[in-house]
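Residue numbering for the sequence shown follows our numbering, beginning at 24 and increasing consecutively.
The beta-carbon is built from N, C-alpha and C at its ideal position, and this holds for glycine as well.
Scroll down for the structure; my scribbles are underneath it.
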Amino acid sequence: MNRARRELLQRAARLGLGSLAMRPVAAWAWQTPTPAGAKKLDVAGPQSLKAHALAHGLLYGCAVNVGLLGQDQAYTDLVRQQAAIVVAENAMKWGPMRPTPTTFHFAAADKLVAFAEANGMQVRGHNLCWHRQLPKWFDGYATKENAAALLTSHIESVVTRFKGKIQSWDVVNEAVLPSDGLPDGLRAGPWYKFLGPGFIELAFRTARAADPGAKLTYNDYGIEAEDEASGRKRTAVLELVKSLRAKGLIDAVGVQSHISAGGDYGSGLAEFLDAVQRLGLEIYVTEMDVNDRRLGPDDATRDKAVAATYRSYLDLVLKNPAVKSVLTWGITDRFTWLNGEDARADHLPERCLPFDQQLNPVEAFFAMRSAFDGAPAR
Ligand code: G3I
């Protein structure tokens, strides 16, 4: 048995997928049911997203609302059933973690890591340095003089606390925005304003020293589509990633993948992924959801279009063997950020994730599973 297969079986056993270990993949992969029968179907165990992904050497997982874990049993069971890797939707960000400049609130992050450990799941850390969701005290407290110490002490404390338990850290999140007009296409965020472009390297160096075993990731959105703005952003991200790679500070690129049903995703993204792969880096789809805000109100039409976009987008990105994981940003339409800050104009709830509001699998679930089934093995 080769090493990859042995690792796959070990991972499957940890995730409670004993049957996967016992059965040749081909024996159940064909059972992918038609969407028409979706709601009556068993999607647990070998029928789950994690099992289908794992069979091709991929990790499937999702962002978790940590407050609901153990409180909402159906939600907790669904995450346990489907995810091989989890990430906190909010609990590991500065805002929730830093009640004051000198204290940390680790309870929610600890809870997620304990849940993952108890269920044989891996954990992504999101995130260590971002221009958003900073604590209220940050404005008025942070200065040019104290920003470097603030950033490095935060990263040292948080990464050290979870050392050995995090598969990958989003060390710097969304630092590129060419439309801000800065050199190198960097965003004019607070860390840039205090520290200049060097804040990125500082963050990566600090994280590397605190947990050399975690894969250090640069994570961004708006690099997926074929339009000109996405192309410019891809170019700037690639330059940033190349310079970090030359210094041995980065291991992976996170492509968030907040995309739109019917959107245009193609060769621009594929070439970007190839370029990242040639740098010897891994690629993670970190925050996938497919919004339906460009579509009319009809549920069936929306579900079909969302599923088709999941399928075509995943088919495109999974062709690249450097893509190792796919995480959706949430798992059920009952809890999605898309009904908040980026809601549909008609205020209908979005139908953007693999499970609906009642936690039943929808067409997107089957589209994802089929894409995993068709992915070249890692
Ligand atoms: O938890 C507080 C609560 O205590 C408070 O009373 C309430 C009042 O507004 O806010 C609650 O916090 C909200 C939090 O979500 C939890 O629900 C924040 O206001 C709200 O801003 C926050 O939104 C999150 C957003 O990031 C913040 O920028 C979304 O849940 C989260 O899905 C979203 O995730 C981001 C990724 O981190 C990075 N990539 C884009 C993605 C989508 O925007």
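Separation of residue 235 from residue 385, as counted between CA atoms: 40 Å
DSSP bridge partner residues for residue 85 (one or two, in chain order): 109 and 351
Extent of the continuous beta strand (DSSP E) to which residue 240 belongs: 238–243
Burial state of residue 214 (16 or more Cβ within 10 Å): buried
N- and C-terminal bounds of the alpha helix (DSSP H) containing residue 336: 322–341
Segment contact flag, the segment 182–202 with the segment 234–249, C-beta cutoff 8 Å, min 3 pairs: yes
Residue from 37, 101, 195 and 340 whose Cα sits closest to the Cα of residue 294: 340
Helix, strand or coil at residue 69 according to DSSP, with G and I counted as helix: helix
7 Å CB neighbourhood of residue 114 in its chain, flanking five on each side removed: 89, 131, 132 and 135
Exposure of residue 140, with buried meaning 16 or more beta-carbon neighbours within 10 Å: exposed
Given residue 267 as reference, the closest of 227, 327, 383 and 247 once Cα atoms are compared: 227
Residue 32 in three-state terms, based on DSSP: helix
Proximity to residue 186 [Cα-Cα], best of 207, 173, 229 and 218: 229
Collapsed DSSP secondary structure at residue 314 in the structure displayed: strand
Own chain partners of residue 79 with C-beta closer than 7 Å, once the 5 adjacent residues on each side are dropped: 395, 398, 400 and 401
Inter-stretch contact at 8 Å, needing at least 3 Cβ pairs: the segment 282–291 / the segment 203–217: no
Exposed unless 16 or more other CB atoms sit within 10 angstroms - verdict on residue 256: buried
Pair within 8 Å by beta-carbon distance, residue 76 and residue 346: no
beta-carbon residue 244 near the ligand G3I non-hydrogen atom, thresh 7 Å: yes
Residues that residue 145 bridges to, as DSSP identifies them: 108
Proximity test, residue 113 beta-carbon vs the ligand G3I heavy atom, cut-off 7 Å: yes
Those runs of the beta strand (DSSP E) which lie wholly inside the segment 215–266 and span at least 3 residues: 238–243
Burial state of residue 387, where buried means 16 or more other Cβ atoms lie within 10 Å: buried
Per DSSP, cross-strand counterpart(s) of residue 182: Answer is none; residue 182 lacks a bridge partner.
At least 3 beta-carbon pairs within less than 8 Å: the segment 327–339 vs the segment 353–365: no
Test item: CB-CB of residue 195 and residue 260 under 8 Å: no
Proximity winner among 369, 370, 359 and 371, relative to residue 377 (alpha-carbon distances): 359
Residues bridged to residue 384 (per DSSP): 378
Residue 370 classed as buried or exposed, judged by whether at least 16 other C-beta atoms fall within 10 angstroms: exposed
Check: residue 160 C-beta below 7 Å from any heavy atom of the ligand G3I: no
Distance cut-off 7 Å: residue 117 Cβ against heavy atoms of the ligand G3I: no
Separation of residue 165 from residue 181, as counted between CA atoms: 19 Å
Local conformation of residue 169 per DSSP, three classes: coil
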